[in-house]
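*Asks:* Here it is, the structure, as structure tokens.
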Amino acid sequence: MQAVGGLGVMSRGPHARLCQIIEAVSPVKPGKSPGIDNITGELVQAGGEATTDMLLFICNKILQTGVWPKPWTQSQVITLPKKGNLKLCQNYRTISLIGHPSKVMLKVILNRLRLKRSLRRNKLASDQVAGPLNKFVLLEYSWKISSTNMSFIMSS
704 MQAVGGLGVM
714 SRGPHARLCQ
724 IIEAVSPVKP
734 GKSPGIDNIT
744 GELVQAGGEA
754 TTDMLLFICN
764 KILQTGVWPK
774 PWTQSQVITL
784 PKKGNLKLCQ
794 NYRTISLIGH
804 PSKVMLKVIL
814 NRLRLKRSLR
824 RNKLASDQVA
834 GPLNKFVLLE
844 YSWKISSTNM
854 SFIMSS
């Protein structure tokens, strides 16, 4: 965690930037169902600068505190019929309607994870999975070799 610009607030990670919010808002497809908050994607886009500024503020608050607003954690689960006998449960699928403001934050996080993954593409899988562990084992192994050499030198 790091202190944020003299505010006395501890940050859990880098702040979201306005360009990340705009990038997350822009690909919203028209005609999608609203979440439990009844806010549509079109409404988020039509809100313009005022909406993106407010989303930026809320997203940064989430990143600072690690706490999501209660309405953003709620979703509405609905069932959609498939083809076939509708008396059978297997002929339905469920979807969860998440509020569009929450989707913006999730998209910011997803884009950050994708960026982090692409930055690490040139590394070996073992470096990504066990990099710190490998360094610790190598350090311990080199220490044992050094201490063995020292004891050999001292006994000679």
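Just add 703 to wherever you are in the sequence shown, counting from 1, and you've got my numbering. Where is the CB? At the ideal position from N, CA and C, for every residue including glycine. Model, not experiment: these values are computed from the prediction.
Start and end of the beta strand (DSSP E) containing L800?
*Replies:* It spans 795-801 - the beta strand (DSSP E) in which L800 sits, taken as one unbroken run.
*Asks:* Between N794, A727, G769, L800, which lies nearest to S736 when the distance is taken from Cα to Cα?
*Replies:* Among N794, A727, G769, L800, the Cα nearest to that of S736 belongs to L800.
*Asks:* Using a threshold of 7 Å, state whether the C-beta atoms of L759 and I812 are closer than that.
*Replies:* Their beta carbons are not under 7 Å apart, which means L759 does not touch I812 by this criterion.
*Asks:* Measuring straight from C-alpha to C-alpha, what distance separates S821 and R815?
*Replies:* Rounded to the nearest angstrom, the two C-alpha atoms are 10 Å apart.
*Asks:* Taking the alpha helix (DSSP H) that V747 falls in, what are its first and last residues?
*Replies:* Start and end: 744-749.
*Asks:* Mapping the DSSP letters down to three states, classify Q723 as helix, strand or coil.
*Replies:* Three-state DSSP puts Q723 in a helix.
*Asks:* Taking just the CA atoms, how far does N794 sit from M808?
*Replies:* Cα to Cα, M808 sits roughly 33 Å from N794.
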